[in-house]
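Protein chains in written order, with the working numbering: chain A, 97 to 335; chain B, 97 to 335. See structure below.
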């Protein structure tokens with residue numbers, strides 16, 4: 097059977113296989129490439145408008161959040177002015193501590209438990225909000241503070257477009273939006289391959305990119321994925 | 097004082113600072129971005145000629161070799177057919193073991209002590225040879241088997257162009273070619289910033305790129321480096 101998207105279970109299995117003893121990838125490598133591709137999708141989509149360089153990156157507690165932290169650093173290198181909101185910091189590995197150090201070394205503000213975070217969302221200077229809250233391993237319910245954060249993003253999404261990393265946060269990874277007030281991202285950047293829920297995106301509302309170009313063709317085939325037609329050496333592909 | 101290139105001592109200091117406790121980068125992250133940029137420079141320079149997809153990557157015993165291993169994997173993803181020659185494998189960290197595992201997972205041949213390695217150099221199918229033998233910490237003399245390898249490359253460099261990673265191997269990092277029979281790369285990919293020896297490259301013979309886009313402007317300024325004018329979200333810049 098050939099499918100063009102991964103279930104949450106398949107995404108988890110593929111991820112485990114990439115970092116297993118045969119493929120030998122490290123999390124650091126995959127996250128660097130994933131975060132780079134999200135930053136490049138933002139540049140590809142909007143360029144660098146002189147009056148709207150600010151990007152607000154919201155990082156969740158897991159690896160989707162880590163992708164967001166890496167993305168923010170590359171955005172800064174591209175000339176944007178990222179601000180990172182990282183309310184539930186993972187301390188399970190020293191790598192997350194290092195990712196935050198890197199941001200601080202780049203003079204990128206990293207907010208922790210900041211109840212006033214919405215003051216950083218300025219329609220006139222903020223280009224987009226990066227939703228790096230939950231990824232392919234998300235299971236409901238949405239825990240606080242992320243429920244409140246997503247509600248706030250929802251009310252602003254017409255003027256502050258959302259870039260979802262891999263999966264729009266709050267959506268079921270397989271079936272899509274769980275409630276009528278789910279966020280609708282302006283841009284979705286699937287990592288490695290689209291997840292099933294991406295089929296619920298309206299192409300008129302959401303532009304879909306894929307990034308995270310790091311799996312060999314035989315592994316894509318094993319998971320029923322078509323070979324993605326990346327152009328040359330590019331790290332992102334608009335679907 | 098503003099200089100546009102790094103001495104070997106400055107390159108070592110900058111590298112240590114990037115992976116120090118303040119900046120917090122890991123070797124895995126930097127090497128992934130460095131190797132990616134070398135692969136992208138090859139694509140930028142030659143594209144992907146249908147009849148010349150083979151790239152022979154020679155990896156040395158240190159981090160320059162690691163950049164080559166990463167480069168080979170990205171080349172494969174871009175559609176090339178890399179072959180890696182890694183005669184002195186580093187076993188000092190598990191990361192090098194992982195880099196080789198990744199290549200094997202991608203079905204990329206990795207040769208070890210192969211006295212017949214030159215049989216893989218076919219003028220009709222090999223696009224280029226990647227010299228990832230020695231980097232900015234090289235000190236003479238050239239140890240075997242690398243002396244012999246470099247002599248072989250020298251005799252073939254007109255028809256099998258060499259892509260040097262960061263520093264042409266065998267060159268003094270500061271002063272340039274040490275002997276009249278030093279290799280002359282067709283392409284040089286400086287990582288982070290040019291090293292002093294790059295000034296000895298004849299622009300008519302060697303096209304010079306810079307990659308490894310991962311340092312903030314304040315760190316570049318600290319080392320007397322100008323802000324590099326990368327275009328948009330690109331990871332390489334032709335100088």
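Beta carbons are placed, not taken as given, at the ideal position from N, Cα and C, and that holds for glycine.
- Rounded to whole angstroms, the gap between the alpha carbons of residue 208 of chain B and residue 161 of chain B is 13 Å.
- Residue 276 of chain A sits in coil when the DSSP states are folded into three classes, being neither helix nor strand.
- Per DSSP, reduced to three states, the secondary structure at residue 224 of chain B is strand.
- Bounds of the beta strand (DSSP E) holding residue 286 of chain A are 283-287.
- Its chain contains 121 as the residues whose beta carbon lies nearer than 6 Å to that of residue 114 of chain B, once the 5 sequence neighbours on both sides are disregarded; these appear in chain order.
- Buried is the label assigned to residue 286 of chain B, since at least 16 other Cβ atoms lie within 10 Å of its Cβ.
- In this chain, the beta strand (DSSP E) harbouring residue 307 of chain A covers 303-307.
- Within chain B, the C-beta atoms nearer than 8 Å to that of residue 194 of chain A come from 120, 121, 122, in chain order.
- In this structure residue 329 of chain B is not in contact with residue 316 of chain A, their Cβ atoms being roughly 24 Å apart against a cut-off of 8 Å.
- Beta-bridge analysis with DSSP links residue 177 of chain A to A/150.
- Below the 8 Å Cβ cutoff, chain B contributes 172, 173, 201, 202, 203 as neighbours of residue 312 of chain A, in chain order.
- Around the Cβ of residue 159 of chain A, a 10 Å sphere holds 16 or more other Cβ atoms; the residue is buried.
- In this structure, the CA atom of residue 166 of chain B is about 10 Å from the CA atom of residue 172 of chain B.
- Chain A places no beta carbon closer than 9 Å to that of residue 149 of chain B, leaving this residue out of the contacts.
- One finds 125, 128, 129 in chain B with Cβ atoms closer than 7 Å to the Cβ of residue 128 of chain A, taken in chain order.
- With respect to the 9 Å criterion, residue 151 of chain B and residue 263 of chain B are not classified as neighbours on the basis of their beta carbons.
- Listed along chain A are 329, each with a C-beta nearer than 8 Å to that of residue 135 of chain B.
- The alpha carbon of residue 108 of chain B has as its nearest neighbour, out of B/302, B/231, B/254, the alpha carbon of B/231.
- Beta-bridge partners of residue 184 of chain A (DSSP): none assigned.
- Between the C-alpha atoms of residue 303 of chain A and residue 118 of chain A there is a straight-line separation of about 35 Å.
- At least one C-beta of chain A is nearer than 9 Å to the C-beta of residue 143 of chain B.
- For residue 197 of chain B, the residues of chain A that pass the 8 Å Cβ criterion are 117, 118, 119, 120, in the order they occur in the chain.
- Residues of chain A whose Cβ lies closer than 8 Å to the Cβ of residue 139 of chain B are, in chain order, 328, 329.
- Distance from the CA atom of residue 183 of chain B to the CA atom of residue 312 of chain A, rounded to whole angstroms, is 25 Å.
- Inclusion of residue 280 of chain B and residue 298 of chain B in the CB contact set at 9 Å is warranted, their separation being smaller than that value.
- Between residue 141 of chain A and residue 206 of chain A, the alpha-carbon positions lie close to 25 Å from each other.
- By the rule that beta-carbons nearer than 9 Å mark a contact, residue 287 of chain A does not touch chain B.
- Residue pairing from DSSP places residue 334 of chain B in a beta bridge opposite B/305.
- In the structure shown, residue 165 of chain B adopts helical secondary structure according to DSSP, grouped into three states.
- Check the Cα spacing between residue 246 of chain A and each of A/228, A/112, A/102: the tightest is with A/228.
- DSSP links residue 259 of chain B through a beta bridge to B/226, B/283.
- Those residues of the segment 292-310 of chain B placed with their C-beta closer than 9 Å to a C-beta in chain A are 309, 310, ordered along the chain.
- Sequence-distant partners of residue 139 of chain B (beyond 5 residues in either direction) whose C-beta falls short of 7 Å from its own C-beta, in its chain, are 174.
- Measuring C-alpha to C-alpha distances from residue 157 of chain B to each of B/214, B/220, B/256, B/239 identifies B/239 as the nearest.
- The alpha carbon of residue 234 of chain A has as its nearest neighbour, out of A/223, A/210, A/211, A/272, the alpha carbon of A/272.
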